[in-house]
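Q: Every letter in the sequence shown is one number past the one before it in numbering that gives the first Met the number 0, and letter 169, counting from 1, is 168. Take a look at the following structure, please.
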Amino acid sequence: MEPRWKGKGFKAKALAEPMSKIVSQLQSSLIQSDAHGLLTGCTVLIAVKPEQTDLLDRACFGKRIVTAEKDNEWFQLGLEEAFYLCFSLKCLKVVGDDKCPKNDVELWQCMISRKPNFPDFYKAYSHLRMKNWVVKSGLNYGVDFVAYRHHPSLVHSEYAVLVLSEGEDEGNGRLRLWSDLHCTTRVSGSVVKTLLVLRITKNGNDVASPSCLEKYTVVERTIRRWHPEQCREDNMIGENRTKQQEALGKASLKTKFTQKHDVKLKPGLVGIERGQKCLGLAKCGELILAKKKMFVGNLEMHLY
Numbered sequence: 000m001e002p003r004w005k006g007k008g009f010k011a012k013a014l015a016e017p018m019s020k021i022v023s024q025l026q027s028s029l030i031q032s033d034a035h036g037l038l039t040g041c042t043v044l045i046a047v048k049p050e051q052t053d054l055l056d057r058a059c060f061g062k063r064i065v066t067a068e069k070d071n072e073w074f075q076l077g078l079e080e081a082f083y084l085c086f087s088l089k090c091l092k093v094v095g096d097d098k099c100p101k102n103d104v105e106l107w108q109c110m111i112s113r114k115p116n117f118p119d120f121y122k123a124y125s126h127l128r129m130k131n132w133v134v135k136s137g138l139n140y141g142v143d144f145v146a147y148r149h150h151p152s153l154v155h156s157e158y159a160v161l162v163l164s165e166g167e168d169e170g171n172g173r174l175r176l177w178s179d180l181h182c183t184t185r186v187s188g189s190v191v192k193t194l195l196v197l198r199i200t201k202n203g204n205d206v207a208s209p210s211c212l213e214k215y216t217v218v219e220r221t222i223r224r225w226h227p228e229q230c231r232e233d234n235m236i237g238e239n240r241t242k243q244q245e246a247l248g249k250a251s252l253k254t255k256f257t258q259k260h261d262v263k264l265k266p267g268l269v270g271i272e273r274g275q276k277c278l279g280l281a282k283c284g285e286l287i288l289a290k291k292k293m294f295v296g297n298l299e300m301h302l303y
């Protein structure tokens, strides 16, 4: 599936400023400012300066919270986003209710206590982020994440991402029935997205610390609905038949016009007569109606 850019020139804009460059700028800025986040519930709140607000927006981390403060902007990060900034990029420190910064293991345990399947979700999130995909919540589409090639203001998301833990697609997990798979692919197709299934395998490792992530494996599978009409042996015949029908339609339109306006066709020129008065000449053109010029079909009429 080709990227669906939201406007003319947006592709060039994205290529001129790749997401990896923006994330690197954000990383440097947060390290210099010694940024801290507050873990509250299933989110992390972070206060940043105005210049960092722009970087967080462009890098697509979290969402802005409107407050009355003038000096700082507040952002709300998801658990996967906060841990990615803290553990993978090493540019954010997270504190708890005791106001003390948590190390990687402590923060990892806090995340799991709030979200039991956090290890699998984080592995999937970081797997896509490290490939410079923008990853956002997919709750609106009935999946876990949606993946964008660049900023959502420039391009539509290409993948609806479903995260399957080891053994979840066997037994009583998601996609255990064909009806589940059919419904998911139908919803994804209706919003012009390809279903991407990421199957996370732990390979016998526990979740005691984030170091286990190095031994996790991710298997990618894209699933699309099968369209029989696109796979027939006579597909080329059907395409040729369609082209012939289009040609016949244009010829029919031209015939109806000449009959209605009494047009006499000559090689290279077309004369239009009504009674005894000649109205003009014609050559190749398009279908447009103007004050002193009329285009119909592939004829251009100059009126005098």
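The C-beta atom is built at its ideal place from N, Cα and C for all residues, glycine as well. Values in this document were obtained by computation on a predicted structure and should not be read as measured data.
How many angstroms separate the CA atom of residue 113 from the CA atom of residue 8?
A: In the sequence shown, counting from the first residue as 1, residue 113 sits at position 114. In the sequence shown, counting from the first residue as 1, residue 8 sits at position 9. Straight-line Cα distance between these residues: approximately 42 Å.
Q: Classify residue 198 as buried or exposed, calling it buried when 16 or more other Cβ atoms lie within 10 Å of its own Cβ.
A: As a first step, residue 198 must be located in the sequence shown, where it is residue number 199. By the neighbour-count rule (16 or more Cβ atoms within 10 Å), residue 198 is buried.
Q: Identify whether residue 100 lies in helix, strand or coil by the three-state DSSP scheme.
A: Against the sequence shown, residue 100 aligns to sequence position 101. The answer is strand: DSSP assigns residue 100 an E or B state.
Q: Give me, in chain order, the residues of the same chain whose beta-carbon lies closer than 8 Å to that of residue 125; leave out the 5 immediate sequence neighbours on both sides.
A: Position 126 of the sequence shown, counting from 1, holds the residue named residue 125. These residues qualify, in order along the chain: 79, 83, 87 and 212.
Q: Just to confirm, are residue 122 and residue 215 a CB contact at a threshold of 7 Å?
A: On the sequence shown, position 123 is the one that residue 122 refers to. On the sequence shown, position 216 is the one that residue 215 refers to. Against a cut-off of 7 Å, the Cβ pair of residue 215 and residue 122 comes out as a contact.
Q: Which of the three DSSP states is assigned to residue 185 in this structure?
A: On the sequence shown, residue 185 is found 186 positions in, with the first residue counted as 1. Reduced to three states, the DSSP call for residue 185 is helix.
Q: I need the straight-line Cα distance from residue 69 to residue 51, nearest angstrom please.
A: For the purposes of this step, residue 69 is identified with residue 70 of the sequence shown, where counting begins at 1. For the purposes of this step, residue 51 is identified with residue 52 of the sequence shown, where counting begins at 1. When rounded, the distance between both Cα atoms is 14 Å.
Q: Expressed to the nearest angstrom, what Euclidean distance is found between the alpha-carbon atoms of residue 286 and residue 3?
A: To locate residue 286, count along the sequence shown from 1; it is residue 287. To locate residue 3, count along the sequence shown from 1; it is residue 4. At residue 286, the pLDDT of 35 sits below 50, so the modelled position is not reliable and the matter cannot be decided from this model.
Q: To the nearest angstrom, report how far apart residue 14 and residue 182 are at their CA atoms.
A: Walking along the sequence shown from the start, residue 14 turns up at place 15. Walking along the sequence shown from the start, residue 182 turns up at place 183. Rounded to whole angstroms, residue 14 to residue 182 spans 35 Å at the Cα level.
Q: Sort 157, 23 and 40 by Cα distance to residue 314 and report the nearest one.
A: Because the chain is modelled from 0 through 303, residue 314 falls outside the range shown and cannot be assessed.
Q: Residue 196 and residue 220: beta carbons closer than 7 Å?
A: Along the sequence shown, one-based indexing puts residue 196 at 197. Along the sequence shown, one-based indexing puts residue 220 at 221. A contact, by the Cβ cut-off of 7 Å.
Q: Mind checking which residues open and close the alpha helix (DSSP H) that includes residue 121?
A: Within the sequence shown, the letter at position 122 stands for residue 121. Here the alpha helix (DSSP H) through residue 121 covers 117–128.
Q: Using three-state DSSP, classify residue 52 as helix, strand or coil.
A: Locating residue 52 in the sequence shown gives position 53, counting from the first residue. Helix.
Q: State the DSSP-derived secondary structure class of residue 113, mapped to helix, strand or coil.
A: For the purposes of this step, residue 113 is taken as the residue at position 114 of the sequence shown. It is helical.
Q: Excluding sequence positions up to five away, which residues of its chain have a Cβ less than 7 Å from the Cβ of residue 134?
A: Here the question's residue 134 lines up with position 135 in the sequence shown. Only 124, 127, 128, 144 and 146 meet the Cβ criterion.
Q: What separation, rounded to the nearest whole angstrom, lies between the Cα atoms of residue 177 and residue 100?
A: Here residue 177 refers to the residue found at position 178 of the sequence shown. Here residue 100 refers to the residue found at position 101 of the sequence shown. One C-alpha to the other measures close to 47 Å.
Q: Quick one: give me the first and last residue of the beta strand (DSSP E) that residue 37 is part of.
A: If you number the sequence shown from 1, residue 37 lands on position 38. First-last of the beta strand (DSSP E) with residue 37: 35–39.
Q: At the level of alpha carbons, what is the spacing between residue 186 and residue 210?
A: Translated into the one-based positions of the sequence shown, residue 186 becomes position 187. Translated into the one-based positions of the sequence shown, residue 210 becomes position 211. When rounded, the distance between both Cα atoms is 36 Å.
Q: Tell me the DSSP secondary structure of residue 57 in three-state form.
A: Here residue 57 is taken as the residue at index 58 of the sequence shown, counted from 1. Correct three-state label for residue 57: helix.
Q: Mapping DSSP to helix, strand and coil, what is residue 225?
A: Within the sequence shown, residue 225 is the residue found at index 226, counting from 1. Correct three-state label for residue 225: coil.
Q: Should residue 54 and residue 24 be called a contact, given that it needs their Cβ atoms to be closer than 7 Å?
A: Stepping through the sequence shown from its first residue, residue 54 is reached at position 55. Stepping through the sequence shown from its first residue, residue 24 is reached at position 25. Contact flag set, yes.
Q: Need the endpoints of the beta strand (DSSP E) that residue 67 sits in, please.
A: Counting from one through the sequence shown, the residue named residue 67 turns up at place 68. Unbroken run through residue 67: none, as it is neither H nor E.
Q: Drop a sphere of 10 angstroms on the beta-carbon of residue 30, count the other beta-carbons inside from all chains shown, and report buried for 16 or more, exposed for fewer.
A: In the sequence shown, residue 30 corresponds to position 31, counting from 1. Per the 10 Å Cβ criterion, exposed.
Q: In this structure, how does DSSP classify residue 81 when only helix, strand and coil are distinguished?
A: As a position in the sequence shown, residue 81 is number 82, starting the count at 1. Helix.
Q: In or out: residue 77 buried (at least 16 other Cβ within 10 Å) or exposed?
A: Residue numbering aside, residue 77 sits at position 78 when the sequence shown is read from its first letter. It is buried - the Cβ of residue 77 has at least 16 other Cβ atoms within 10 Å.
Q: Please report the residue range of the beta strand (DSSP E) in which residue 135 lies.
A: Translated into the one-based positions of the sequence shown, residue 135 becomes position 136. That run of the beta strand (DSSP E) goes 133–136.
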